[in-house]
Each structure stands twice: as C-alpha cells, then as structure tokens.
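*Asks:* The working numbering applies: residue 125 is where the sequence shown begins, and numbers increase by one.
All C-beta atoms, glycine included, are put in the ideal place defined by N, C-alpha and C.
First the structure, then my questions, so here it is.
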Amino acid sequence: MLFVSVEDFFSQVQKLPRLSREEEIVFAQQMASGDPLAREALIRGYLYMAAAYVRRAPENIRTLSTAYACVAAVEKGVDSFNFLQEGETFSHHLSWRLRQCITRCIAEN
C-alpha cells in the first residue's frame, strides 16, 4: 500500500477489516503452503495495530517514515511468527515489535 501522508495512512488502515482468530489460522495455513495473498491478508489484518502505535507516538516522530517503519515491522512479524502454535498470540508478538520500532524511530530522531 502507498500512502501520501500520515493522515492518509490512518484513513486507509481504518477501512481495512480486522481478522478473527479463525481467519488468522486459515490464512496462516495458506501462507505455510506458499500462498502470497494469504500473507498480504495477514499483514492488512494487523495494520490497525501499526496505526495505533504511530498515533500514540510523540508528535515529532508521527511521520510517514515512522508509519512505513511500522508497516515493515508488521511484515517482519508476519514472516517470523508461527501462527499455528499454542501460547503466545500474534498481537502480543506484534506489539513487542512495534514498541521496538517506535523506540528506534525516537532514537534516530
């Protein structure tokens, strides 16, 4: 997805549907079998978390580059997480990645 501004990022992400646990498992199984569209669906399903972290970030780093860094963190989280495991949820794993991303953006600024 391409965004023109941070406000555009927020408005586009707000329109995306969130995934249920059942949908998440189905997409994870499809992704494990090599379906790139399932990976995209998982990423789009969790962009709302990236938007929430960017929205809560300090005013001076609430930029388009921070938004793209958080989108990259979501992509990396989807690629590295085992959705079919019991225990830790993906949202917990992703929140850790997004906190790290925002901390890096603050340190770079």
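1) Within the chosen definition, does the stretch 163-179 reach the stretch 208-225 through at least 3 CB pairs nearer than 8 Å?
2) Tell me whether the beta-carbon of residue 143 lies closer than 8 Å to the beta-carbon of residue 169.
3) Measuring straight from C-alpha to C-alpha, what distance separates residue 249 and residue 210?
4) Check whether the Cβ atoms of residue 149 and residue 198 lie closer than 8 Å to each other.
5) Are residue 202 and residue 145 close, meaning C-beta to C-beta below 8 Å?
*Replies:* In short, the structure shows the following:
1) yes
2) Within the sequence shown, the letter at position 19 stands for residue 143. Within the sequence shown, the letter at position 45 stands for residue 169. Cβ distance < 8 Å, so residue 143 and residue 169 count as in contact.
3) The question about residue 249 has no answer, for the chain in this structure spans 125 to 233.
4) For the purposes of this step, residue 149 is identified with residue 25 of the sequence shown, where counting begins at 1. For the purposes of this step, residue 198 is identified with residue 74 of the sequence shown, where counting begins at 1. No, they are not a contact pair.
5) Position 78 of the sequence shown holds residue 202. Position 21 of the sequence shown holds residue 145. Cβ atoms of residue 202 and residue 145: not closer than 8 Å.
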